[in-house]
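One structure below.
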Amino acid sequence: MRTATDYRALPLAGECDVLVVGGGAAGVCAAVAAARNGARTVLLERNPFLGGRATASMVLVLDDYTDGQQITVKGLATEYAERLKAVQGAVDIPPEAWTPENRGPDSPDYDLWASWGFLYYFVPEPRPLTYAVSFDPEAYKRVSEEMLLEAGVKFSLFTDMLDVVKADSRIVEVVARRRNGLVRLAARQVIDASGDGDVMAAAGTPFVHGKYMVTLVHRYGGIDIDRWMAFEKQHPGHAKELNREVRSLYGGSWDRWWMRTTLPGVVWVNAPHLTGYDAIDSEDLTQATLEARRRIWKAFEFIRRHLPGWEHCYLIDTCAELGMRQSRLLQGQYVVTKDDVFNGNRFPDSIGMGRNYHMPYRSMVPVDVRNLLVAGRCFSCEPGAQRSAREIPPCMVLGQAAGTAAALAVAQDVAVQDVDIAELQRRLRKDGAYIV
Ligand SMILES: Cc1cc2nc3c(=O)[nH]c(=O)nc-3n(C[C@H](O)[C@H](O)[C@H](O)COP(=O)(O)OP(=O)(O)OC[C@H]3O[C@@H](n4cnc5c(N)ncnc54)[C@H](O)[C@@H]3O)c2cc1C
1 MRTATDYRAL PLAGECDVLV VGGGAAGVCA AVAAARNGAR TVLLERNPFL
51 GGRATASMVL VLDDYTDGQQ ITVKGLATEY AERLKAVQGA VDIPPEAWTP
101 ENRGPDSPDY DLWASWGFLY YFVPEPRPLT YAVSFDPEAY KRVSEEMLLE
151 AGVKFSLFTD MLDVVKADSR IVEVVARRRN GLVRLAARQV IDASGDGDVM
201 AAAGTPFVHG KYMVTLVHRY GGIDIDRWMA FEKQHPGHAK ELNREVRSLY
251 GGSWDRWWMR TTLPGVVWVN APHLTGYDAI DSEDLTQATL EARRRIWKAF
301 EFIRRHLPGW EHCYLIDTCA ELGMRQSRLL QGQYVVTKDD VFNGNRFPDS
351 IGMGRNYHMP YRSMVPVDVR NLLVAGRCFS CEPGAQRSAR EIPPCMVLGQ
401 AAGTAAALAV AQDVAVQDVD IAELQRRLRK DGAYIV
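Okay, so the sequence shown: first residue is 1 according to the numbering used here, each after it adds one.
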């Protein structure tokens, strides 16, 4: 963070009520919620498209919608699913496939829905089916753009937030790099939805620097999926050996290393899982990307040679940006703990749920900066808690709450620390949020 004097010569490119940095799951929901609640809203995104991990890192399942029994993640997260389905850009599990009697491994379509990755991962094997949504990344980009445009959000792609200018514990301006140079933007409230906490770091508020695995998601096409699944049933021992070999070539993957996509004969692979890399260090990200691509080609050559049904498969793409799961985490007014996430502890200032855990408003509020909220995977929590509390729909819940709270803070002319929680919860419930 530098002083206003350092940046005085830069042009003032605009001013707004709420400025959102980052156009991923949390940022788009934050901006849509702020604008729908009456705030003049601007969103900055450094990539040439929206979506963050959901598109740039091709994470293709909206997970953690349920507590294993019922849908607990609602509001804009539901709207996203509906809008993706409306443009034929998503597949979800029909209600009859995950009734209480019909969600275990003996249910008729268990293998089919499990192959989409629609499993409740937070209980031991055998994992039951759950509600989840598989989506196409191009549809996700389209829906995100439409939601922002309809809400009246002014958004700039190709725009990197670099620094902030502060006065009296408030951010008064954000400095951004556009393709044609540096600019200043003035805002009354700022939301950090950058995933990596770029704004909070620039603002000098406390955070911890967490680390978790990184992954270069990729897609294969030209697969006879039914043939492979039939082979797995007929020759379980041999299939197990082949699966084990694929996983070992990747050197880190979940047990089910591939998942169906909305495109016929196309799967996505959430591997390799690489550990020990820093998700905000360009040198580490470069090395991890190279290592991941090397392993993918090795695995691909084995898969094509040895797996029945995969003989004609081809590598469609690796994701544009290595998938980073964790980096900076706010240490705000409340730090969500592993115990909170695993035991579902309740909070009086809850703004919604992720899966089976509750999220307090204070987990987005810095201890000091008066007009900054931090939403999405960089919210205030212990690194161990974030590993199990960072899926896309819960990030949407945080984003929606941050946008609504920022608009409220503008309307009532108060600091984020003084937002009226009862009014925030009332507005969120009116907009479809599930708060208990
Ligand atoms: C490999 C992998 C697999 C995963 N699997 C799943 C899964 O199956 N299901 C699921 O639901 N979740 C999954 N997750 C988790 C989930 O994808 C993320 O936690 C979630 O998408 C984070 O959303 P976000 O909006 O908080 O951050 P991000 O998606 O990271 O979005 C941040 C945005 O801010 C932009 N940005 C960053 N810095 C700046 C800056 N300085 N200026 C301007 N813009 C900036 C970025 O370009 C990005 O668009 C996975 C994650 C990874 C990496």
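The C-beta atom is built at its ideal place from N, Cα and C for all residues, glycine as well.
For residue i, the three-state DSSP class (helix, strand or coil)
i	result
Met213	coil
Trp98	helix
Trp268	strand
Arg325	coil
Ile171	strand
His235	coil
Leu428	helix
Glu301	helix
Lys166	strand
Arg115	A small correction: the amino acid at residue 115 is Ser; Arg does not occupy that position in the sequence shown. Of the three classes helix, strand and coil, the one that applies to Ser115 here is coil, per DSSP.
Trp254	coil
Gly399	helix
His306	helix
Leu290	helix
Leu182	strand
Gly89	coil
Cys29	helix
Lys439	Residue 439 falls outside the range modelled here, since the chain spans only 1 to 436, and no answer is possible.
Arg40	coil
Gln417	helix
Gln465	It is not possible to answer for residue 465, since the shown part of the chain is limited to 1 through 436.
Ser380	coil
For residue j and residue i, the rounded distance between their alpha carbons
i	j	result
Ala81	Ala9	45 Å
Cys381	Ala186	29 Å
Asp196	Tyr140	21 Å
Pro108	Asn102	8 Å
Val336	Phe302	43 Å
Asp6	Ala167	14 Å
Ala54	Pro348	31 Å
Asn270	Gly14	40 Å
Leu148	Gly265	32 Å
Val172	Arg188	7 Å
Asp64	Trp228	28 Å
Gln425	Ser350	8 Å
Glu146	Leu84	11 Å
Arg387	Tyr212	8 Å
Arg416	Tyr434	Correcting the residue type first, residue 416 is Val in the shown sequence and not Arg. The straight-line gap from Cα to Cα measures roughly 22 Å.
Thr261	Val87	15 Å
Ala401	Ile191	11 Å
Glu423	Arg170	23 Å
Glu150	Glu241	51 Å
Val32	Ala25	11 Å
Pro272	Ser115	18 Å
Gln333	Arg370	12 Å
Cys395	Arg377	6 Å
Per-residue burial, residue i [other beta carbons within 10 Å of its own, 16 or more giving buried]
i	result
Gln70	exposed
Ala132	buried
Leu249	buried
Val436	exposed
Leu12	exposed
Asp339	exposed
Leu428	buried
Arg127	buried
Gly275	Looking at the sequence provided, one finds Thr at residue 275 rather than Gly. It is exposed - the Cβ of Thr275 has fewer than 16 other Cβ atoms within 10 Å.
Trp297	exposed
* Can we say the segment 397-413 touches the segment 215-227, given the rule of at least three CB pairs closer than 8 Å? -> No: the two stretches stay apart, fewer than three of their Cβ pairs being nearer than 8 Å.
### Touching by the beta-carbon criterion (3+ pairs, under 8 Å), the segment 269-284 and the segment 323-343
Taking 8 Å as the limit for Cβ pairs, the verdict is that the segment 323-343 does touch the segment 269-284.
Original post:
Counting pairs of Cβ atoms below 8 Å between the segment 281-301 and the segment 154-163, do you hit three or more?
Top reply: No contact exists between the segment 281-301 and the segment 154-163.
Given 8 Å, three or more beta-carbon pairs between the segment 351-366 and the segment 306-314:
No, the segment 351-366 is not in contact with the segment 306-314.
ask   = Are at least three pairs of beta-carbons, each pair with one atom in the segment 291-301 and one in the segment 201-219, less than 8 Å apart?
value = The segment 291-301 is in contact with the segment 201-219.
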